[in-house]
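Counting in the working numbering, the sequence shown runs without a single skipped number right up to 683 at its last residue. Glycine is no exception: its CB is placed at the ideal position from the N, C-alpha and C atoms. A quick note: this is a predicted structure, and the numbers were derived from the prediction, not measured. First the structure, in the form of structure tokens, and then the observations on it.
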Amino acid sequence: MGSLWIDYGVFGLLLLASISVSIWSKLSGPKEKTKADYVFAQNNVSMGAMILSIARGFLGVRVFLGYPSELYYRGSEMWETLYGMVLAFPIVLYFFVPVYFNLGVTSVYQYLDMRFKSRFVRRLASGTYLFRSLLNLGVTVFTPCVALKTVLGSPYSLSIIAITSISIVFTVLGGLRSAITADVVQCVVMLACSCIMIMQGLYEAEGPANVYRVNRRRHRLDFFNWDLDPTERVTTISALLGQLFMSVSLYGCQQNFVQRYCSMGSFKRVAQTLWANVPVMAILFSLNWVVGMVIFALYADCDPKKIGYISDNDEILPFYVEDKFYFLPGFLGLIMASLFNGALSLLVSNLNSMASVLWEDFVSQIPAMKSLPDSSQLVVIKICGVVCGIIVMGMAFVVAHLSGVIEASQLMTSATTGPLLGVFILAMFFPSANWKGAVAGMIVSHVVILWITIGGLLVEKPPIDYLPTSTDGCTNTTFGPHISPYHQSALLALFNDSGNLIDDFEEGPEIRPWNNNFNFNDESVMNYIYRISYMYYAMMGTLLTVVVGLLVSCFASCTSDEEFEYNEKLLHPLALKLSSLCGGRNKRCYSTEATPNPMHSINTISEHGINGYREKPPV
65 MGSLWIDYGV FGLLLLASIS VSIWSKLSGP KEKTKADYVF AQNNVSMGAM ILSIARGFLG
125 VRVFLGYPSE LYYRGSEMWE TLYGMVLAFP IVLYFFVPVY FNLGVTSVYQ YLDMRFKSRF
185 VRRLASGTYL FRSLLNLGVT VFTPCVALKT VLGSPYSLSI IAITSISIVF TVLGGLRSAI
245 TADVVQCVVM LACSCIMIMQ GLYEAEGPAN VYRVNRRRHR LDFFNWDLDP TERVTTISAL
305 LGQLFMSVSL YGCQQNFVQR YCSMGSFKRV AQTLWANVPV MAILFSLNWV VGMVIFALYA
365 DCDPKKIGYI SDNDEILPFY VEDKFYFLPG FLGLIMASLF NGALSLLVSN LNSMASVLWE
425 DFVSQIPAMK SLPDSSQLVV IKICGVVCGI IVMGMAFVVA HLSGVIEASQ LMTSATTGPL
485 LGVFILAMFF PSANWKGAVA GMIVSHVVIL WITIGGLLVE KPPIDYLPTS TDGCTNTTFG
545 PHISPYHQSA LLALFNDSGN LIDDFEEGPE IRPWNNNFNF NDESVMNYIY RISYMYYAMM
605 GTLLTVVVGL LVSCFASCTS DEEFEYNEKL LHPLALKLSS LCGGRNKRCY STEATPNPMH
665 SINTISEHGI NGYREKPPV
């Protein structure tokens, strides 16, 4: 009981520290008086904090809990998604950031409005982002609530209200600065937990050489599978291509990341930050896999699942904590605090971004809102953040009662990543693309990928192969004396208390069948399409958007006598050079001067185009 109270104390202290740091950041920093101050943090965020915040945006609770079990039971195939992650940074830096860095847009989707002269395209993209974020954040908030109910006995409703309320307060108080501070605190806590687990595991497993040898011998480190079969769950090719498209969409087209780039004072700072993120991301991402390596080295000859100590794959990490850290009171509290702060920091970060998008792309278009002074706009943006937080709270309550929302969350993510990336590629790299093509491409891509995703959920697929595990080395002293097959720790109950709800979510991108009673002909083309790995969904959605968008744009141009024109400031320089080499009918390129600092002239740009000049009325 004494050890449990220490865990409570550690949990409370870390939560208090997280809140205190964010409040201190607010009080010690410059006062936010304008919308630009709130959205862009007045360019007063250190580069180190920005690096950790960007890296933290991709590393969540799923990475912390899911990847160690992935390595133990399936090997290192998913580790190779790191290739796509690190390649995405230079692509985003040199192909995406130069286009909208100096435009001064509050919402990244304003760029689509300026480029296509169509608010419909802008709202379609921003609406997709908002809906997906709200659905996913509901799951994110509910995840630690199960653990809090088990350990502290607090009901779901109290935990949900606590997490969302604290996040709303952070959002109102600090804007982007508060979001980045929360990211940094959480990143440090997760890093500390991972390092402690690795060091203890290396000590128990007799050093790193033995850990590597055991994992290599048991095929946990088999990299470079060049199988071209697209129905394979993960190969080197699908890991590289699939994650590359997902990461480029995330880092290059999503509001919370673009907002961070535009908050920096110069393109040079953005470049330094993104290049620094390559090794930082590689290290932080790989730490979770190293945790899996040390766990496998310890339990290579005695699989806890096979002998009944755990009931599901994802319980391997909490079982390891319970087994090997009994001597360290408070470590369970540290893990619990990491889960809680993980949901907290992700929610704060996304609420700030969603508030900016909701204001700029929807609320600001209401006639009564267009004449508001800048200080009043700041108040409305904060109100938008509160509204988004309340909706997320409601979504979390829904998740608490309907586990199917989790599958819907995964479905929305896979179905929307590609179309969003595709429409930005159309806008930046294809001068001939118009709003009709952009709308058609996004809609067709959404429908097709959604159809394939649902088909993949319904079709009966071969079971996923697991690597062999052993119980030959099990003895009475393999596990600690406080562990028994019928013993279930508070942390293990995190995975079981809600009917495997968290297991379904933390498993990662894998989508399990809703219904296996559908029988398709194994030789049919449709059955093959439905079995395509989810790793390719983002790439397929992107290509569909671009191809359909170009075809529709070409058809629309050929059937219209309207002069084709585009603003060179809204295209990538490479696209301009290629366009100048090509002929074409009724083509006119013009130039306007972009605002040199992204925190200037936000209002005029959002309503009137660059420097107050909108070429045509919006569609």
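Item	Value
Of the listed residues Phe122, Cys209, Gln319 and Asn274, nearest to Leu362 (C-alpha basis)	Asn274
Separation of Ile489 from His636, as counted between CA atoms	10 Å
Under the three-state DSSP convention, the category Val248 falls into	helix
Thr659 versus Val169 - alpha carbon distance	Residue confidence is low: Thr659 scores 44 on pLDDT, short of 50, so the model does not pin down where it sits. No coordinate-derived value is stated.
Simplified DSSP state of Ser420, which is helix, strand or coil	helix
DSSP-derived helix/strand/coil call for Gln318	coil
Cβ-based burial, Tyr158 [other Cβ within 10 Å; buried from 16]	exposed
Top-ranked residue by Cα proximity to Asp387, from Gly613, Ile547 and Gln307	Ile547
DSSP state of Asp425 mapped onto helix, strand, coil	helix
Neighbourhood of Leu422 by C-beta, 6 Å cutoff - its chain only, sequence neighbours within 5 removed	Cys448
Where Phe309 falls, given that 16 or more other Cβ within 10 Å makes a residue buried	buried
Coil, strand or helix - His510 by DSSP	helix
Coarse secondary structure for Asp387, derived from DSSP in three states	helix
Cα-Cα separation between Leu398 and Leu201, rounded to whole angstroms	22 Å
Asn341, enclosing alpha helix (DSSP H) - first and last residue	Phe331 to Tyr363
Beta-carbon contacts of Ala340 that lie in its chain and below 6 Å, excluding the five residues immediately before and after	Ile115
Alpha-carbon to alpha-carbon, Ser439 and Phe494	38 Å
First through last residue of the alpha helix (DSSP H) which encompasses Asp177	Gln174 to Phe180
Segment contact flag, the stretch 405–421 with the stretch 316–325, C-beta cutoff 8 Å, min 3 pairs	yes
Reference Val508; option with closest CA among Leu167, Leu484 and Lys525	Leu484
Residue nearest to Tyr600 in terms of C-alpha spacing, selected from Leu392, Thr517 and Leu411	Thr517
Environment of Arg595 [buried if 16+ CB atoms lie within 10 Å]	buried
Three or more C-beta pairs below 8 Å linking the stretch 350–368 and the stretch 259–276	yes
Option nearest Gly148 by Cα separation, candidates Ile301, Cys452 and Cys259	Ile301
Alpha carbon of Pro294 to alpha carbon of Met142, nearest angstrom	15 Å
Where Asp378 falls: helix, strand or coil (DSSP)	helix
Residues near Asp367 by beta carbon distance below 7 Å, same chain, minus five either side	Thr533, Ser534 and Thr535
Residues of its chain near Ala407, where Cβ-Cβ distance is below 8 Å and the 5 sequence neighbours each way are ignored	Val125, Thr204, Val205, Thr207, Pro208 and Ile227
Simplified DSSP state of Arg284, which is helix, strand or coil	coil
Alpha-carbon spacing of Tyr267 relative to Trp88, whole angstroms	38 Å
Buried versus exposed call for Lys369 [16 or more other C-beta atoms within 10 Å across all chains shown]	buried
Sub-8 Å separation of Leu396 and Val385 beta-carbons	yes
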